[in-house]
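Notes follow once the structure below has been shown.
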Amino acid sequence: MEVVTLKLLVAGPFAAGKTTLISAISEIPVVATEAEVTDETRATKLNTTVTMDYGKLTVADDELRAELLMFGTPGQERFSFMWDVLAEGMDGYILVADLSRPESFEEARGILDHFRAMSDVPFVVAANRSSGFPGPVSKFADALGLDPEAVIVPCEAVDRESAKEVVVTMLLEVLAHEGGGGRMKVEELTANGAASTVTTSLDQAILELRRASRDITGVMVASSDGLSLAHDLPPEHNLQTAAMAATAVGLSRRIVETFGHGAFEDAVVRGRDGYLVVYSAGPRGVLAVLADGEANLGLLHHVARRAASRISKLLV
Ligand SMILES: Nc1nc2c(ncn2[C@@H]2O[C@H](COP(=O)(O)OP(=O)(O)OP(=O)(O)O)[C@@H](O)[C@H]2O)c(=O)[nH]1
Ligand SMILES: [Mg+2]
């Protein structure tokens, strides 16, 4: 059986139903970053996504098992810098629009134009709340400037089966796309395709890093588009860490660029009882290190940066 892992972006205007769609179908607890709305858009809803949503759905038949990793964007324009961070390496994108709010169509069109200009991967339009829409879908398609061959899937994002139909349609579009069919991420990241050798070397690098500091409680190496490549995390953490680490590095890169702070080095997330520190491992990789709250951060940086440098050479 062929196994593919696909990264799908779920984009669209504020309150279109992106978080709702991912939450309806994810088989893992959704990584949601909802915050209370404090401006006039509060009349529409009380919470909004400020960084990302992340969920996963596996679909399978006799020949293919597809793991669909769904990255949801924040809809509000002030978070638009996150769109490109989350879109890195996407295989396709779903543009969610709410048919019951025609006033959001222009915004939806702008978002669609943004991604069409950025990438030629396939997309599907999820026409949410379609059951309550009075007009023909062609009116909606015109408002979004869609070509006649664009794929529109009427849906109700709150309904699991309906939401699933959207992502399965997206999967079929990706598989039909030239060069589609998904990819084995580790193989794609290695120049010579020697995936098993690279996996062994990544595991070795993780092992050596663990040996170098007793403060380290877990390590993950991910691709910069948020897919796990190797880790020694407990099962309850390995599902979301790659997506969170890649997003943290992507966002941190934006921040250092914005303020002219030079090349990105690391981002330290400290809680009272522990650290998660993310490092860049070259342009294609990310190293995430979990450590005890009492850890010596200077030593941690020293050993982790050495490991990140070694890992970056493996991910050519
Ligand atoms: N009845 C109904 N309500 C829906 C449906 N889809 C979404 N909603 C509601 O519409 C609102 C959409 O909210 P979200 O899913 O948070 O929207 P979002 O696109 O993630 O919004 P931002 O992240 O803030 O940009 C919520 O109040 C949902 O409950 C649907 O199919 N039917
Ligand atoms: Mg949301």
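So the sequence shown is residues 2 to 317, counted in the working numbering.
Glycine is no exception: its CB is placed at the ideal position from the N, C-alpha and C atoms.
### Message
Just to confirm the assignment, what range does the alpha helix (DSSP H) spanning L252 have?
### Response
Here the alpha helix (DSSP H) through L252 covers 242-259.
### Query
Based on Cα-Cα distance, which residue from P14, V4, L9, T45 lies nearest to D62?
Answer by Cα proximity: V4.
### Query
In chain order, what residues of the same chain have a beta carbon less than 7 Å from the beta carbon of A282, not counting five sequence neighbours either side?
Within the same chain, Cβ atoms closer than 7 Å to the Cβ of A282 are found at V222, L288, A309, I312, S313, L316, the five residues on either side in sequence being excluded.
#### Entry: Rounded separation between G182 and T259 - CA only
Low local confidence applies: a pLDDT of 49 at G182 is under 50, so the model's placement there is unreliable, with the coordinate-based value given in what follows. G182 and T259: Cα-Cα distance of roughly 36 Å.
### Task
Apply the 10 Å Cβ neighbour rule to P30 and answer buried if 16 or more other Cβ atoms are within range, or exposed otherwise.
Exposed.
### Query
Just the residues with CB closer than 5 Å to a heavy atom of ligand 2, in chain order, which are they?
Proximity annotation: ligand 2 has residues K19, T20, T50 in chain order, each selected because its CB is closer than 5 Å to a heavy atom of the ligand.
### Message
Suppose you measure from the CA of I217 to the CA of V304; what does that come to, to the nearest Å?
### Response
The alpha-carbon of I217 is positioned some 10 Å away from that of V304.
### Task
Compute every distance between the C-beta of G56 and the non-hydrogen atoms of ligand 1, then say whether any falls below 7 Å.
Remark: the shortest separation between the CB of G56 and any heavy atom of ligand 1 does not fall under 7 Å.
### Query
Less than 7 Å between the CB of K46 and some heavy atom of ligand 3, yes or no?
Ligands present in the displayed structure are limited to ligand 1 and ligand 2, and ligand 3 is not among them.
### D160 to G73 span [Cα, whole Å]
Between D160 and G73, the C-alpha separation is close to 17 Å.
### Task
Would you kindly work out how many angstroms separate the C-alpha atoms of V125 and E64, rounded to a whole number?
Going from the Cα of V125 to the Cα of E64 covers about 24 Å.
### Query
For G136, which of helix, strand or coil comes out of DSSP?
Looking at G136 - three-state DSSP - the assignment turns out to be coil, as it is neither helix nor strand.
### Own chain partners of G56 with C-beta closer than 6 Å, once the 5 adjacent residues on each side are dropped
Annotation for G56: I23, S27, V31, M71 place their beta carbon closer than 6 Å to its own, counting only its chain and skipping 5 residues before and after.
### Query
Is A128 closer than 8 Å to A17 when the C-beta atoms are compared?
Result no, Cβ atoms of A17 and A128 do not sit closer than 8 Å.
### Query
Does at least one heavy atom of ligand 1 sit under 7 Å from the Cβ of V278?
No, Cβ of V278 sits at least 7 Å from all heavy atoms of ligand 1.
### DSSP beta-bridge partners of G319
Since the first residue shown for the chain is 2 and the last is 317, residue 319 is missing from the structure and cannot be characterised.
### Message
Using a Cβ-Cβ cutoff of less than 6 Å, which residues in the same chain neighbour D274 once the five nearest sequence positions on both sides are dropped?
### Response
G294.
#### Entry: Segment limits, alpha helix (DSSP H) that includes E41
Unbroken run through E41: none, as it is neither H nor E.
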